[in-house]
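Written below as structure tokens is the structure these notes are about.
Here you go:
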């Protein structure tokens, strides 16, 4: 079984080829700085073309990536995610897991947290992470996957319609996504 474990709704289409996975695990739902975020995200995920593959852990975002004073909330989120991933491990047998890379794609603390805990808990599983720039990656175990841009646009439109899109509005991912096999 191929799984994708990401921090937020919309990460599964921004950084990954969502249709490739048997199970898509989304860690965070509610945001302290946007009271309706969880509701809007739920609306979008209910309409998501792959909603039958989605598993929501429904952990509250800590907000630490924007406000470093929110360390207590970050620790709470980390603890919740750790236990949720342990439970996931007890229920499923994964052949491959894709998740955020070690730098959180662009430095996002939630992405880094997910990456670190996935590597810790699923250390015996093949773990693939996105290559954002070929210039700073020398891993020879590279996996290239074609990206369905029409699918991306369909899912993105659902997120936008439901006020749950969090990335650049004009962003279009590459047609070929590259991933490195993370060393455990």
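Numbering (our numbering), first residue to last: 1 to 184.
Where is the CB? At the ideal position from N, CA and C, for every residue including glycine.
Owing to the predicted nature of the structure, the values given are computational and were not obtained by experimental measurement.
Problem set entry | Continuous alpha helix (DSSP H) stretch holding residue 89: start and end | Position 89 of the chain shown holds residue 89. Where residue 89 is concerned, the enclosing alpha helix (DSSP H) stretches over 71 to 91.
Problem set entry | Cross-strand partners of residue 3 (DSSP beta bridge) | Here residue 3 refers to the residue found at position 3 when the chain shown is read from its first residue. Answer is 23 and 97, bridged to residue 3.
For this session: Decide yes or no for the touch test of the region 97 to 108 against the region 121 to 128: beta carbon pairs closer than 8 Å, at least 3 of them.
Result: Yes, the region 97 to 108 touches the region 121 to 128.
Problem set entry | Supposed close pair residue 6, residue 30 - CB separation, criterion 8 Å | Residue 6 sits at position 6 when you count from the first residue of the chain shown. Residue 30 sits at position 30 when you count from the first residue of the chain shown. The C-beta distance from residue 6 to residue 30 rounds to 16 Å, too long to fall under 8 Å, and the pair is not in contact.
For this session: Decide if the region 4 to 20 is in contact with the region 39 to 53; the criterion is three or more beta carbon pairs, one per stretch, under 8 Å apart.
Result: Judged by pairs of C-beta atoms under 8 Å, the region 4 to 20 touches the region 39 to 53, as three or more such pairs exist.
Problem set entry | Helix, strand or coil at residue 161 according to DSSP, with G and I counted as helix | The residue given as residue 161 occupies position 161 in the chain shown. The answer is helix: DSSP assigns residue 161 an H, G or I state.
For this session: State the CB to CB distance for the pair residue 118 and residue 85, rounded to an integer number of angstroms; the pair is presumed to be in contact (CB under 8 Å).
Result: In the chain shown, the residue the question calls residue 118 occupies position 118. In the chain shown, the residue the question calls residue 85 occupies position 85. Their Cβ separation, rounded to whole angstroms, is 7 Å, which keeps residue 118 and residue 85 in contact under 8 Å.
For this session: Ignore the nearest five residues each way along the sequence and tell me which others in residue 152's own chain have a CB closer than 7 Å to its CB.
Result: Position 152 of the chain shown, counting from 1, holds the residue named residue 152. Excluding sequence positions up to five before and after residue 152, its CB lies within less than 7 Å of the CB of 13 and 173, all in the same chain and listed in chain order.
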